[in-house]
Amino acid sequence: MTSHTAADEAAIRRLLDQYCHGLDRRDFELLRDVFTPDADLSYCGGLRRFVGGESMRDVIVDLNAAFGPVDHALSSLLITVDKDGHGDTARAEYHIKATMLKADEPTIVIRVVDFRDELRRTPAGWRVSKRQHTPMFQYELPSTKIDFPGVGGVEYRMPEARPN
Numbered sequence: 055m056t057s058h059t060a061a062d063e064a065a066i067r068r069l070l071d072q073y074c075h076g077l078d079r080r081d082f083e084l085l086r087d088v089f090t091p092d093a094d095l096s097y098c099g100g101l102r103r104f105v106g107g108e109s110m111r112d113v114i115v116d117l118n119a120a121f122g123p124v125d126h127a128l129s130s131l132l133i134t135v136d137k138d139g140h141g142d143t144a145r146a147e148y149h150i151k152a153t154m155l156k157a158d159e160p161t162i163v164i165r166v167v168d169f170r171d172e173l174r175r176t177p178a179g180w181r182v183s184k185r186q187h188t189p190m191f192q193y194e195l196p197s198t199k200i201d202f203p204g205v206g207g208v209e210y211r212m213p214e215a216r217p218n
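Here this note's numbering is used: the first residue of the sequence shown is 55, the next is one more, and so on.
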């Protein structure tokens, strides 16, 4: 692996972490910047399709409306940077495990989703130009208050948005 490829892989990993962070914080500007303006995005196994990061806002708001705090963790990441061309395209395959507290009941939903991305190098850095988002499985568990030994319990709350 060349240092150029290693730097590209690190930048792509950071971009995908940015996607997870944007979802967790509901930071739609951060999410929008993960994608090219013309990105071909297929979500929910093809049931939701849209173009570009800008159009993603309504879909993400809709998909997360039933949940309070969420956590998205990326795993099984495999990045392949195009070596035949100029190194300006790449593919990423990975899973994201979403742990989500239902907004209206004390239930945790855990969903694992398979992602297949095509990425393109842009003047602003790597961006997702095509995505397939396919749910693999999910399960639900009861939730309890957060309890710190010797301190007591606290209610769930959303983290504050980051300052601009």
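From the three backbone atoms N, C-alpha and C, an ideal C-beta is built for every residue, glycine too.
For F121 and Y73, the gap between their C-alpha atoms comes out near 18 Å. In the DSSP assignment, K151 is bridged to A127 and V166. Using a Cβ distance threshold of 9 Å, D112 and E147 do not count as a contacting pair. One thing to note: I114 has its Cβ within 9 Å of the Cβ of F82. In the three-state DSSP reduction, V115 falls in the helix class (H, G or I).
For S96, same chain residues with a beta-carbon under 7 Å away, outside a window of 5 residues either side, are R103, R185, Q186 and H187 in chain order.
Counting C-beta pairs with one atom in each stretch, the stretch 148-159 and the stretch 173-180 have fewer than three that are closer than 8 Å, which means they do not touch. In the three-state DSSP reduction, D201 falls in the strand class (E or B). With respect to A93, R181 sits close: the two C-beta atoms are nearer than 9 Å. A144 is a Cβ neighbour of D62, given a cutoff of 9 Å.
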